[in-house]
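*Asks:*
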Amino acid sequence: MKQPTIYCEPFCIKDGYDFEIHHVSYLQHDSYSCFMHFHQVHEFIFFEQIDGTYFYHQGESILSDFEAVFTPAMETHEFALNPRPKSWYIVQFMPERLNNQALQEFIELLKTGLHLSFSIEIQKRIHKLLAWMLSEFNENPKSKTCAQLFDSLITMVCEYGKSSLSKQQTSLSSSASFKKLAPVINELKTNNGLNLSLEQAAALCHLSPSYFSRVFKKHFRVPYSDYLIQHKLYNAARLLGQSDVSVTDISYDLSFSSPSYFIKQFKHHFKVTPHQYRQQLRLK
0 MKQPTIYCEP
10 FCIKDGYDFE
20 IHHVSYLQHD
30 SYSCFMHFHQ
40 VHEFIFFEQI
50 DGTYFYHQGE
60 SILSDFEAVF
70 TPAMETHEFA
80 LNPRPKSWYI
90 VQFMPERLNN
100 QALQEFIELL
110 KTGLHLSFSI
120 EIQKRIHKLL
130 AWMLSEFNEN
140 PKSKTCAQLF
150 DSLITMVCEY
160 GKSSLSKQQT
170 SLSSSASFKK
180 LAPVINELKT
190 NNGLNLSLEQ
200 AAALCHLSPS
210 YFSRVFKKHF
220 RVPYSDYLIQ
230 HKLYNAARLL
240 GQSDVSVTDI
250 SYDLSFSSPS
260 YFIKQFKHHF
270 KVTPHQYRQQ
280 LRLK
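Going by numbering that gives the first Met the number 0, the sequence shown opens with residue 0, and the numbers climb by one from there.
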């Protein structure tokens with residue numbers, strides 16, 4: 000069965016885990032989907048093959064093979080990737096994992112988004128370590144070896160990574176227009192089933208609906224109404240992968256008008272039904 004076409008949202012920390020690692024790959028003509036999103040875990044992505052752009056709070060930057068990006072918990076980010084083969088490792092971890100004595104010195108560095116490049120020798124070491132860590136994680140995710148490999152990975156990346164972000168780029172979070180969207184962004188971060196109309200969202204931000212629409216599309220690259228549906232669908236994907244909650248209950252929990260409408264929207268966006276998607280994840 001073909002792998003799900005969801006980018007990274009389903010890869011979230013399972014109960015009882017403080018980090019996870021997965022490998023993702025797409026052929027040139029495979030369907031690929033991502034949108035401006037956030038999650039409650041820190042996230043490193045270590046690219047093998049890549050061609051595209053990373054959008055995050057510090058601005059945007061062009062991606063190259065064997066680079067890495069880091070996004071802190073609850074920061075919005077997105078990838079726009081070109082249609083070529085692409086692959087990467089994704090490592091997500093609870094922010095509290097940095098309280099480990101071996102990693103505390105990197106807490107300040109990892110408070111903001113990063114786009115990092117490495118020397119060829121460090122690239123090789125990092126990807127050997129990632130392959131070993133993935134193998135160990137699949138065998139015994141809670142082993143001491145796996146935990147030590149995680150600590151070694153974070154240490155190597157923080158010590159040897161060089162920022163690829165141009166000094167000329169403008170931080171998204173410092174943009175005056177982006178700050179005007181803060182009330183709605185905060186609602187999105189705390190309400191998976193947010194159902195505010197355009198007019199209600201604009202009023203929450205003390206903006207006119209027309210101005211709110213222009214500002215929202217400028218920063219999130221899609222109209223507000225489209226983003227709201229995508230926000231719910233990606234949260235649905237997370238619930239389908241992490242829980243046994245029924246499709247019907249998920250549809251109502253996320254404020255869809257009916258289960259049939261939810262299923263229709265999910266299939267339109269991800270090319271499979273919610274039930275098929277859940278089956279695909281359990282076959283992995």
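Each residue gets a CB set at the ideal place from its N, CA and C atoms; glycine is no exception.
Note that this is a predicted model, so its numbers are computed, not measured.
1) Do you know whose CA, among Met132, Leu253 and Leu203, lies nearest Phe18's CA?
2) Measuring CA to CA, which of Pro140, His218 and Val246 is closest to Met35?
3) Are the CB atoms of Val200 and Tyr223 nearer to each other than 8 angstroms?
4) So, His21 versus Ile125, is the Cβ gap smaller than 8 angstroms?
5) How many Å lie between Thr189 and Ser259 at the Cα?
6) Using the rule of at least 16 other Cβ atoms within 10 Å of the residue's Cβ for burial, across every protein chain shown, is Gln279 buried or exposed?
7) With C-beta atoms as the reference, is His41 less than 8 angstroms away from Ala72?
8) Sort Val221, Leu227, His274 and Ile228 by Cα distance to Val244 and report the nearest one.
9) When you compare each of Val221, Asn137, Leu193 and Gln48 to Leu80 by their alpha carbons, which one comes out closest?
10) Would the beta-carbon of Ser176 fall within 8 angstroms of that of Val221?
11) Pick out whichever of Lys85, Thr75 and Ile12 has its Cα sitting closest to the Cα of Tyr25.
12) Curious, which full-length alpha helix (DSSP H) runs of at least 4 residues does the stretch 230-268 contain?
13) Looking at the ligand SAM, does it come within less than 7 angstroms of Val156, judged from the CB to the closest heavy atom?
14) Per DSSP, what are the beta-bridge partners of Ile61 in this structure?
15) For Ile249, does the count of other Cβ atoms within 10 angstroms reach 16, so buried, or fall short, so exposed?
*Replies:* Reading off the structure:
1) Taking the sequence shown and counting its residues from 1, one reaches residue 18 at position 19. Distances from the alpha-carbon of Phe18 to those of Met132, Leu253 and Leu203 put Met132 closest.
2) Locating residue 35 in the sequence shown gives position 36, where the first residue counts as 1. When each option's Cα is compared against that of Met35, the closest is His218.
3) What you label residue 200 is simply residue 201 of the sequence shown in a count that begins at 1. What you label residue 223 is simply residue 224 of the sequence shown in a count that begins at 1. Sequence inspection shows Ala at residue 200; the Val mentioned does not correspond to that position. Yes, they are a contact pair.
4) If you number the sequence shown from 1, residue 21 lands on position 22. If you number the sequence shown from 1, residue 125 lands on position 126. The answer is no: Cβ separation not under 8 angstroms.
5) Mapped onto the sequence shown, residue 189 falls at position 190. Mapped onto the sequence shown, residue 259 falls at position 260. Near 25 angstroms, if we compare the C-alpha coordinates of Ser259 and Thr189.
6) Walking along the sequence shown from the start, residue 279 turns up at place 280. Gln279 is buried by the Cβ-count criterion.
7) Here residue 41 corresponds to residue number 42 of the sequence shown, with the count starting at 1. Here residue 72 corresponds to residue number 73 of the sequence shown, with the count starting at 1. In contact: His41 and Ala72 (Cβ atoms closer than 8 angstroms).
8) Along the sequence shown, read from residue 1 onward, the residue named residue 244 stands at position 245. Considering only alpha carbons, the answer is His274.
9) Within the sequence shown, numbered from 1, the residue matching residue 80 stands at position 81. The shortest C-alpha separation from Leu80 is found at Gln48.
10) Here residue 176 corresponds to residue number 177 of the sequence shown, with the count starting at 1. Here residue 221 corresponds to residue number 222 of the sequence shown, with the count starting at 1. No; because the gap between Cβ atoms is not below 8 angstroms, this pair is not in contact.
11) What you label residue 25 is simply residue 26 of the sequence shown in a count that begins at 1. Residue Lys85 is the option with its Cα nearest to Tyr25.
12) Taking only runs of at least 4 residues, the alpha helix (DSSP H) segments lying wholly in the stretch 230-268 are 246-252.
13) Of the ligands one can find in the structure shown there are none, so the ligand SAM has no counterpart to examine.
14) Counting from one through the sequence shown, the residue named residue 61 turns up at place 62. Paired residues: Thr52.
15) What you label residue 249 is simply residue 250 of the sequence shown in a count that begins at 1. Label assigned to Ile249: buried.
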